[in-house]
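Chemist:
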Amino acid sequence: MTPVIVRTREELAAARKAVPGTLALVPTMGALHEGHLSLMREARARADGVAVSIFVNPLQFAPGEDFDRYPRTFDDDVAACARAGVDVVFAPTRDVMYPTEPQVTLKSGPMGAVVEGAARPGHFDGMLTVVLKLLNLVRPDVAVFGEKDAQQLALIRRMVADLNVPVEIVGAPTVREADGLALSSRNRYLSADERRTALALSRALRAGADAAGHGPDAVLGAARAELAAAVSADPPLDLDYLVLVDPATFTEVTADHAGPAVLAVAGRVGATHLIDNLPLQLGKER
109 MTPVIVRTRE
119 ELAAARKAVP
129 GTLALVPTMG
139 ALHEGHLSLM
149 REARARADGV
159 AVSIFVNPLQ
169 FAPGEDFDRY
179 PRTFDDDVAA
189 CARAGVDVVF
199 APTRDVMYPT
209 EPQVTLKSGP
219 MGAVVEGAAR
229 PGHFDGMLTV
239 VLKLLNLVRP
249 DVAVFGEKDA
259 QQLALIRRMV
269 ADLNVPVEIV
279 GAPTVREADG
289 LALSSRNRYL
299 SADERRTALA
309 LSRALRAGAD
319 AAGHGPDAVL
329 GAARAELAAA
339 VSADPPLDLD
349 YLVLVDPATF
359 TEVTADHAGP
369 AVLAVAGRVG
379 ATHLIDNLPL
389 QLGKER
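Counting in the working numbering, the sequence shown runs from 109 upward without gaps.
#1: With the cut-off set at 9 Å, would you say D384 and L313 are in Cβ contact?
#2: Determine the extent of the alpha helix (DSSP H) in which N244 is found, giving its start and end residues.
#3: Please determine, among S146, H141 and K241, the residue with the shortest C-alpha to C-alpha distance to S292.
#4: I think A188 touches L240, with their Cβ atoms under 8 Å apart; what is that distance to the nearest whole Å?
#5: Mark D428 as exposed unless 16 or more other C-beta atoms lie within 10 angstroms of its C-beta, in which case mark it buried.
#6: Apart from the five residues just before and just after A280, which ones in its own chain have a Cβ nearer than 8 Å to its Cβ?
#7: Work out the CA separation of D325 and R202 for me, nearest whole Å.
#8: Measure from the alpha carbon of I277 to the alpha carbon of each residue in E285, H322, V164 and A262, then state which is nearest.
#9: Comparing C-alpha positions only, which one of A306, V204 and R177 sits nearest to A337?
#10: Taking all protein chains shown into account, do 16 or more other C-beta atoms lie within 10 angstroms of the C-beta of A132, making it buried, or fewer, making it exposed?
#11: Quick check: the Cα distance between R394 and G321, rounded to an integer number of angstroms?
#12: Does N272 pass the burial test, meaning 16 or more other C-beta atoms within 10 Å, or should it be called exposed?
#13: Name the DSSP bridge partner or partners of P387?
#14: Going by the CB atoms, is the gap between V353 and A369 shorter than 9 Å?
#15: Just to confirm the assignment, what range does the alpha helix (DSSP H) spanning E360 have?
#16: Looking at the unbroken beta strand (DSSP E) that takes in T305, where does it start and where does it end?
#17: Check the C-beta distance from I113 over to G138 and give it rounded, since I have them as a contact under 8 Å.
#18: Can you look up S216 in the DSSP assignment and give me helix, strand or coil?
#19: With DSSP as the reference, label R394 as helix, strand or coil.
#20: Can you tell me whether A155 is buried or exposed, with buried defined as 16 or more other CB within 10 angstroms of its CB?
#21: Is the beta carbon of G391 less than 9 Å from the beta carbon of A366?
#22: What residues match up with D346 in a beta bridge as DSSP calls it?
#23: Does DSSP put A413 in a helix, a strand or coil?
#24: Thinking C-alpha only, which one of F169, P355, V361 and V373 is nearest I264?
#25: Could you check where the alpha helix (DSSP H) with L328 kicks off and where it finishes?
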């Protein structure tokens, strides 16, 4: 099935009316991969129709980040949407999303200033602003996001709750490549040597998960041990953070924390910024 491709607000409104029943939205920046396709399948399972947005949002890139070189593969993306049975592809230009320079934007608050937000100031403000605009334009019943971007997902859920946005937010599990690397549009930037270094991220998460029964300090210690070699490798991992946080607030957990947590890691290999995380259940071993 070939999806309807719409680029303007008027075309989107008409396509939205033409979809019978409920609609699920999968917001993306394009360069689609199997992780995105898993979100589309989740969306199809939860609604009568599926819309995918493709828009590289300038508001969430800081000066010097990879906005200009972010991969843009529109024809391949539309083909992937067709294979997934998507009904509508909304592919606006910058002028459609931001007809004038925005003066009123969202602030992500304390949760958006820590972890990834500390490494990329302003990133989550731009992300929340465009997500809210997409929700208002598409008017979906359900919106599906990947758990790989765990802090993003937590912030979107908080935004929807705080602003009374009438949409159900669904998180879908992280999809990994055979070697364990979390799927990302940025993986295509990695050379073979850089990819070998980057695999330390998922190894660190698995090592931390294996220590979950011994408490937070053991989790972080096991994960740091896996990262140590990558930091001094050639090419090296430039570590941004390794944290164990509360999944609802993204504040770091205390040493006596028991219950759900997220082990999150991020760093740069070469010029490529990579993030990964794993949800854990912390508690003493029986």
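Glycine included, each C-beta is placed from N, C-alpha and C at the ideal position.
Modeler: Reading off the structure:
#1: Mapped onto the sequence shown, residue 384 falls at position 276. Mapped onto the sequence shown, residue 313 falls at position 205. Yes, the Cβ-Cβ distance between D384 and L313 is below 9 Å.
#2: As a first step, residue 244 must be located in the sequence shown, where it is residue number 136. Taken as a continuous stretch (DSSP letters only), the alpha helix (DSSP H) holding N244 covers H231 to V246.
#3: What you label residue 292 is simply residue 184 of the sequence shown in a count that begins at 1. It is H141.
#4: By one-based count along the sequence shown, residue 188 stands at place 80. By one-based count along the sequence shown, residue 240 stands at place 132. About 26 Å separates the beta carbon of A188 from that of L240, a gap too long to meet the 8 Å contact definition.
#5: An answer regarding residue 428 cannot be provided, because it is not within the stretch 109 to 394 covered by the chain.
#6: Walking along the sequence shown from the start, residue 280 turns up at place 172. If we look at A280 and ignore the five residues flanking it on each side, its Cβ neighbours are S146, L147, E150, V252, F253, G254 and E255.
#7: Numbered from its first residue, the sequence shown carries residue 202 at position 94. Numbered from its first residue, the sequence shown carries residue 325 at position 217. So the alpha carbons of these two residues sit roughly 45 Å apart.
#8: Counting from 1 along the sequence shown, the entry for residue 277 is found at position 169. Residue nearest to I277 within the set E285, H322, V164 and A262 is A262 (criterion: CA-CA distance).
#9: Along the sequence shown, read from residue 1 onward, the residue named residue 337 stands at position 229. Taking only the C-alpha atoms, the option nearest A337 is A306.
#10: Residue 132 sits at position 24 when you count from the first residue of the sequence shown. Taking a 10 Å sphere around the C-beta of A132, we find 16 or more other C-beta atoms and assign the residue as buried.
#11: In the sequence shown, the residue the question calls residue 394 occupies position 286. In the sequence shown, the residue the question calls residue 321 occupies position 213. Because the pLDDT at R394 is just 36, under 50, the model does not fix this residue reliably, and the point stays unresolved.
#12: On the sequence shown, residue 272 is found 164 positions in, with the first residue counted as 1. Exposed: under 16 other Cβ atoms inside 10 Å.
#13: Within the sequence shown, residue 387 is the residue found at index 279, counting from 1. DSSP lists V370 as partners of P387.
#14: For the purposes of this step, residue 369 is taken as residue 261 along the sequence shown, with counting starting at 1. For the purposes of this step, residue 353 is taken as residue 245 along the sequence shown, with counting starting at 1. Contact: yes.
#15: Here the question's residue 360 lines up with position 252 in the sequence shown. Per DSSP, E360 belongs to no alpha helix (DSSP H) and is neither H nor E.
#16: Reading the sequence shown from its first residue, position 197 is the one you call residue 305. Run containing T305: none in the beta strand (DSSP E); it sits in the alpha helix (DSSP H), A300 to D318.
#17: Position 5 of the sequence shown holds residue 113. Position 30 of the sequence shown holds residue 138. Going by Cβ atoms, the distance from I113 to G138 rounds to 13 Å, so no, they are not a contact pair.
#18: As a working note, residue 216 is residue 108 in the sequence shown. Residue state, collapsed to three classes: coil.
#19: Start at 1 with the first residue of the sequence shown, and residue 394 comes out as number 286. Note that R394 scores 36 on pLDDT, short of 50, meaning its location in the model is unreliable and no value can be drawn from it.
#20: If you number the sequence shown from 1, residue 155 lands on position 47. Buried, by the Cβ-count rule.
#21: One-based indexing of the sequence shown puts residue 391 at position 283. One-based indexing of the sequence shown puts residue 366 at position 258. Their beta carbons are under 9 Å apart, which means G391 touches A366 by this criterion.
#22: Translated into the one-based positions of the sequence shown, residue 346 becomes position 238. Note: D346 sits in a beta bridge opposite R376.
#23: Given a span of 109 to 394 for the chain in the structure shown, any question on residue 413 remains unanswerable.
#24: By one-based count along the sequence shown, residue 264 stands at place 156. If you compare the alpha carbons of F169, P355, V361 and V373 with that of I264, the shortest gap goes to P355.
#25: Position 220 of the sequence shown, counted from the start, is the residue given in the question as residue 328. Annotation: the continuous alpha helix (DSSP H) that includes L328 extends over P324 to V339.
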